[in-house]
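Under my numbering, the sequence shown is numbered contiguously, ending at residue 352. Worksheet for the structure shown next.
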Amino acid sequence: MIPVQSRPASWSGKQEKSSGADVAAATGKAPATAQAHGWNGALETTIFMPPGEGPFPLLILNHGKSLGDPRAQERTRFLAISREFVKRGYVVVIPMRTGFSRSSGEYLEQHCDMTANGQIQADDLHDVLAYAVRQPWADPDRILVGGQSYGGLTAMAFATHDFPGVKGVLNFAGGLRTEGCRWKASLVRAFGTYGGQTRIPSLWFYGENDSYFNHELASKMHQAYTHAGGKATLVKFGAFKNDAHAMSGSRDGVRIWWPETEKFLRRIGMPAEEIFNIAEPAPPASSDFAAIADATAVPHLQEQGREQYRKFLTRSQPRAFALSPSGAWSWVEDGDDPAERALANCQKNSAAPCKLYAIDDKVVWSDKT
């Protein structure tokens, strides 16, 4: 846990797509949790580190907000992004902010005041970086800050803090949607305010079929930001799978964001060359239990579960389908480790152990225990 200052409590739940990716931990090491004491709170934090002692450049990544209670939100790992940066010698630090997951405190939100919402979240980043730069593995003069959705808004708000050593910001579909108010106009005002308060360069990615922040809104936010004096490059890419909002969490999204990110890193004097080899995850072995398309062969399922398996077959890879002898099932596509998440979601509804039935285009199920 990383120590933070506590704040007064309030709560409001708003919908947001989750973030993440689907590869194994970048170095093969288990994600680390930083330990410190003496403050009023603590943030659950994942740290991916390259081999060696450092000091390494830092990338601080910020998560979005899922539907419902922030306390129930799963830890975000941004595996696809983390992998690319660890290969280039970065330490990647991913805190769950106040009130999310296992972090202490209560989630705060000022409803439709997007300027304030971003800054409330950015306060946590200040605490995280204040901790990180004191560690022997950190280079305090080479820092990047990034985030997706609410985390992107948070990163852009944090740029106004003028934290020493921050060289650039990566904004993946940054924003926050709050129903029942003029949230789009509030977002535009927020970005205009932030742009007038910082000159740290930033790189933005927004997709054509983003279900939250489309190209029109992204252009308005970018225009407000740059007209106020902010430095930002907007990359508007085409449709991505079912929803471009999740592009940064997909291994298939790397081909979209990395080429522009590489140019950006070189422009701001940050490392961009690969210096470590990271083995690709081993592909799953087929069990030859049944053909992947044969929904009638899937054991234990009632008709609803069988229909869900057919739906699973229409989804893009990476994907995973899990089930149990009790008839419980779950499927997940894209994001952080679909197999792990499918098993965990299945197990929530089953007293019997869940097992993987299919991964990507292969049946991996075996009747053997």
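Using N, Cα and C, we set each Cβ at its ideal position, and we do this for glycine too. This structure is a prediction, so every number in the text was calculated from the model and none was measured.
- Beta-carbon to beta-carbon, V75 and W120 are separated by about 12 Å, too far to satisfy the 8 Å threshold.
- For the alpha helix (DSSP H) assignment, the uninterrupted runs of no fewer than 4 residues enclosed by the stretch 264 to 318 are, from N- to C-terminal side, 286 to 296.
- Under the three-state reduction of DSSP output, I239 falls in the helix class.
- N45 is bridged by DSSP to G130.
- Counting only residues of its own chain and dropping the five nearest sequence neighbours on each side, P308 has a CB closer than 6 Å to the CB of H283, A335.
- Closest in C-alpha terms to V171, from the list N197, P147, F146, comes N197.
- Straight-line measurement puts the Cα of F304 at about 10 Å from the Cα of Q291.
- Separation of the CB atoms of I43 and L136 is rounded to 14 Å, and the pair is thereby denied contact status at 8 Å.
- Within the DSSP secondary-structure output, V69 pairs in no beta bridge.
- At the C-beta level, E243 and L186 come within 8 Å of one another.
- Counting along the chain, L91 sits inside no beta strand (DSSP E), nor does DSSP assign it H or E at all.
- Annotated three-state conformation of I64 is helix, per DSSP.
- In this structure, F39 sits away from D145, with a CB-CB distance that is not shorter than 8 Å.
- Going by C-alpha positions, T181 is about 8 Å away from G212.
- Using a 10 angstroms sphere on the CB of F259, the tally of other CB atoms stays under 16, which defines it as exposed.
- Between K167 and I251, the beta carbon gap of about 30 Å keeps them out of contact (Cβ cut-off 8 Å).
- In this structure, F223 and G190 form a Cβ contact; the two beta carbons are roughly 5 Å apart against a cut-off of 8 Å.
- Residue nearest to H46 within the set Q131, K351, V152, G163 is Q131 (criterion: CA-CA distance).
- Remark: three or more beta-carbon pairs, one from each stretch, lie closer than 8 Å, so the stretch 308 to 317 and the stretch 268 to 284 are flagged as touching.
- Here DSSP, grouped into helix, strand and coil, assigns S194 to coil.
- In the DSSP assignment, the residues bridged to F188 are F155, V218.
- According to the DSSP assignment, I103 belongs to the alpha helix (DSSP H) that extends over 97 to 115.
- Membership of T176 in any beta strand (DSSP E) is not indicated; the residue belongs instead to the alpha helix (DSSP H) covering 166 to 178.
- For E27, the number of other beta carbons within 10 angstroms of its own is at least 16, and it is reported as buried.
- Per DSSP, A227 lies in no alpha helix (DSSP H) segment and is marked neither H nor E.
- Cβ atoms of Y133 and K219 stay farther apart than 8 Å, at about 20 Å.
- The DSSP-derived three-state label of A341 is strand.
- Between I239 and M230, the CB-CB gap stays under 8 Å.
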